[in-house]
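A.B. asks:
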Amino acid sequence: MPSQLASDAEIRRALTGIARLALHARSVMVSTGAGVSAESGIPTFRDAQTGLWARYDPVMLASYQGFVLDPANVWRWYDERRQVMQQSEPNAGHLALARWEELWRGQGREFTLATQNIDGLHSRAGSQVPIELHGNIWYARPLDGQYSEAQELAQCPLPELPPRAADGRLLRPHVVWFGEMLDSLLLGRAMAAAGRADLLLVVGSSSQVYPAAALPHAALRKGGTVVEINPDETELSPHVQHSIRGRSGEILPLLLEEIETLLT
Ligand code: BJW
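Using the numbering used here, you'd call the opening residue of the sequence shown number 117 and step up by one each time.
1. Since I believe residue 253 is in contact with residue 289 (beta carbons under 8 Å), could you give me their beta-carbon distance rounded to a whole number of angstroms?
2. The ligand BJW and residue 247: does the residue's C-beta get closer than 7 Å to at least one heavy atom of that ligand?
3. If you pair each beta-carbon of the stretch 325-336 with each one of the stretch 208-222, do three or more pairs fall below 8 Å?
4. Tell me the DSSP secondary structure of residue 267 in three-state form.
5. In terms of residues, what are the limits of the alpha helix (DSSP H) holding residue 332?
6. Alpha carbon to alpha carbon, how far is residue 305 from residue 281? Give it in angstroms, no decimals.
7. Considering only the alpha carbon of each residue, which of 260, 298, 373, 303 lies closest to residue 285?
8. Using 10 angstroms around the beta-carbon of residue 327, count the other beta-carbons present and answer buried if the total reaches 16, otherwise exposed.
9. Alpha carbon to alpha carbon, what distance is there between residue 125 and residue 297?
10. Distance check for residue 300 and residue 140, CA to CA, integer angstroms please.
11. Can you grab the Cα-Cα spacing for the pair residue 245 / residue 231, in whole Å?
12. In whole angstroms, give me the CA-to-CA distance for residue 377 and residue 143.
13. Find the nearest neighbour of residue 303 within the set 207, 247, 225, 151, judged by alpha-carbon distance.
14. Within the chosen definition, does the stretch 157-173 reach the stretch 336-343 through at least 3 CB pairs nearer than 8 Å?
15. Does the pairing of the stretch 205-214 with the stretch 146-160 give three or more beta-carbon distances under 8 Å?
16. 8 Å is my cut-off, CB to CB: does residue 128 come that close to chain B?
17. Would you mind listing the beta strand (DSSP E) stretches within the stretch 264-333 that are 3+ residues and don't spill past its ends, in chain order?
18. Can you tell me the Cβ-Cβ gap for residue 315 and residue 131, rounded? I've got them flagged as a contact below 8 Å.
19. Can you give me the C-alpha to C-alpha distance between residue 175 and residue 161, rounded to a whole angstrom?
20. What residue range is occupied by the uninterrupted beta strand (DSSP E) comprising residue 359?
21. Can you check which of these residues, 374, 318, 368, 370, is closest to residue 350 by C-alpha distance?
22. Can you look up residue 257 in the DSSP assignment and give me helix, strand or coil?
23. Can you tell me the Cα-Cα spacing of residue 237 and residue 195, whole angstroms?
24. If I follow the unbroken beta strand (DSSP E) through residue 351, where does it start and stop?
25. For residue 161, which three-state DSSP category applies?
26. Kindly indicate which three-state DSSP category residue 219 falls into: helix, strand or coil?
27. In whole angstroms, what separates the C-alpha of residue 119 from that of residue 370?
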């Protein structure tokens, strides 16, 4: 049965236990979703009131079909989100993960961070090589191009919508829309790391979107422990060993504190 925690003392106790598991783990993985950036002011997708999908039609804005119907409209939406993300800073949750990775790598331990987020905030917080499963909003590629053709598109707001490459080809955001395959190299690395993980944390994701939602199940199948950090119950909750109900910007720094205490 997953543990459901109510009081601060219970959360602290659970975090001490998770820090102990981390210390004994050969391989740690963290998989993040939109919730980890919520405290940086970036809207999530599926939160009933504030989520993007409560206000916009995902088929029109996050699919190839929607893009080809109206590229300027889709780019306008992405450019508005780019402007929000440009104003945003990594929060305490991003920073705690970057510090944890630094500590782990310093000790020659394996630490893998995979994210569904496209905002680039993990890198800005100092995470070294986050696996960006759904791409990165600060890059674009030709509509008919490969993932490997992605180029940085730093100007924000964009002067022209839709933007074009120097050779005139229509550019699309370097993200993964519904119905599209993820970059097989990145997905392969993430799935392999999940299969090796003795401890895998899923932070701030509704765990509804595949194949990212399959990562914790890969760890569970190999006997790994899965911890969820999320204020709300999700589709993953019944399957995990520990559910910590709270915001990642508050819980992750507390977990880091516990880890640092055990290391000293
Ligand atoms: C906090 C917090 C705080 C709040 N602290 N937490 C049927 C079964 C299985 C699969 C499929 C199916 N039908 C179709 C599919 C495939 C589809 C899919 O999974 N659909 C499901 C919705 C059913 N997947 C795909 O199409 C993927 N490709 C694929 O599978 O290729 C093969 C294939 C092709 C064709 C058919 C079948 C297979 C591609 C998925 C691409 C997803 N793209 C998006 C947009 C990216 C670009 C952009 O940003 O514009 O990715 S959609 C959107 O959802 C975005 C996110 O990365 C993704 C996941 O969302 P996430 O991160 O979980 O956010 P939320 O909002 O859902 O949840 C936030 C959570 O945070 C909540 O739980 C809050 O409680 C919590 N929270 N504040 C911590 N402070």
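From the three backbone atoms N, C-alpha and C, an ideal C-beta is built for every residue, glycine too.
C.D. replies: Straight from the coordinates:
1. The sequence position of residue 289 within the sequence shown is 173, counting from 1. The sequence position of residue 253 within the sequence shown is 137, counting from 1. Indeed, because the Cβ distance is near 6 Å, the residues count as touching under 8 Å.
2. The count along the sequence shown starts at 1 and reaches residue 247 at position 131. Of the heavy atoms belonging to the ligand BJW, none sits nearer than 7 Å to the Cβ of residue 247.
3. No: fewer than three Cβ pairs fall under 8 Å.
4. Counted from its first residue, the sequence shown places residue 267 at position 151. Residue 267: strand per DSSP, three-state reduction.
5. Locating residue 332 in the sequence shown gives position 216, counting from the first residue. Run containing residue 332: 331-337, per the alpha helix (DSSP H) assignment.
6. The count along the sequence shown starts at 1 and reaches residue 281 at position 165. The count along the sequence shown starts at 1 and reaches residue 305 at position 189. Going by the C-alpha atoms only, they are around 30 Å apart.
7. Within the sequence shown, the letter at position 169 stands for residue 285. When each option's Cα is compared against that of residue 285, the closest is 260.
8. Start at 1 with the first residue of the sequence shown, and residue 327 comes out as number 211. Classification for residue 327: exposed.
9. In the sequence shown, the residue the question calls residue 297 occupies position 181. In the sequence shown, the residue the question calls residue 125 occupies position 9. Taking the straight line joining both Cα atoms gives about 43 Å.
10. Stepping through the sequence shown from its first residue, residue 140 is reached at position 24. Stepping through the sequence shown from its first residue, residue 300 is reached at position 184. Cα-Cα distance, rounded: 31 Å.
11. As a position in the sequence shown, residue 245 is number 129, starting the count at 1. As a position in the sequence shown, residue 231 is number 115, starting the count at 1. Residue 245 and residue 231: Cα-Cα distance of roughly 11 Å.
12. Counting from one through the sequence shown, the residue named residue 377 turns up at place 261. Counting from one through the sequence shown, the residue named residue 143 turns up at place 27. Distance between the alpha carbons of residue 377 and residue 143 is about 20 Å.
13. Residue mapping note: residue 303 aligns to position 187 of the sequence shown, counting from 1. Of the residues 207, 247, 225, 151, the one whose Cα lies closest to the Cα of residue 303 is 247.
14. With a cut-off of 8 Å, the stretch 336-343 and the stretch 157-173 do not count as touching, because too few Cβ pairs lie within range.
15. Under the 8 Å Cβ criterion, the stretch 205-214 counts as touching the stretch 146-160, having at least three qualifying pairs.
16. Reference to chain B is not applicable here, since this structure consists of a single protein chain.
17. For the stretch 264-333, whole beta strand (DSSP E) runs of length 3 or above, ordered along the chain, are 287-291, 315-319.
18. In the sequence shown, counting from the first residue as 1, residue 315 sits at position 199. In the sequence shown, counting from the first residue as 1, residue 131 sits at position 15. Not a contact, Cβ separation roughly 13 Å.
19. Position 59 of the sequence shown holds residue 175. Position 45 of the sequence shown holds residue 161. In this structure, the alpha-carbon of residue 175 lies about 13 Å from that of residue 161.
20. On the sequence shown, position 243 is the one that residue 359 refers to. Segment 358-360, the beta strand (DSSP E) holding residue 359.
21. Residue mapping note: residue 350 aligns to position 234 of the sequence shown, counting from 1. Checking every option, the nearest Cα to that of residue 350 belongs to 318.
22. Position 141 of the sequence shown, counted from the start, is the residue given in the question as residue 257. In this structure, residue 257 counts as strand in the three-state DSSP scheme.
23. Position 121 of the sequence shown holds residue 237. Position 79 of the sequence shown holds residue 195. Here the alpha carbons of residue 195 and residue 237 stand approximately 17 Å from one another.
24. Walking along the sequence shown from the start, residue 351 turns up at place 235. Neither: residue 351 is in no beta strand (DSSP E) and is coded neither H nor E.
25. As a first step, residue 161 is located in the sequence shown; it is residue number 45 there, counting from the start. In this structure, residue 161 counts as coil in the three-state DSSP scheme.
26. For the purposes of this step, residue 219 is identified with residue 103 of the sequence shown, where counting begins at 1. Of the three classes helix, strand and coil, the one that applies to residue 219 here is helix, per DSSP.
27. For the purposes of this step, residue 119 is taken as residue 3 along the sequence shown, with counting starting at 1. For the purposes of this step, residue 370 is taken as residue 254 along the sequence shown, with counting starting at 1. Only weak support exists for where residue 119 lies, its pLDDT of 49 falling under 50; the coordinates are left without a value.
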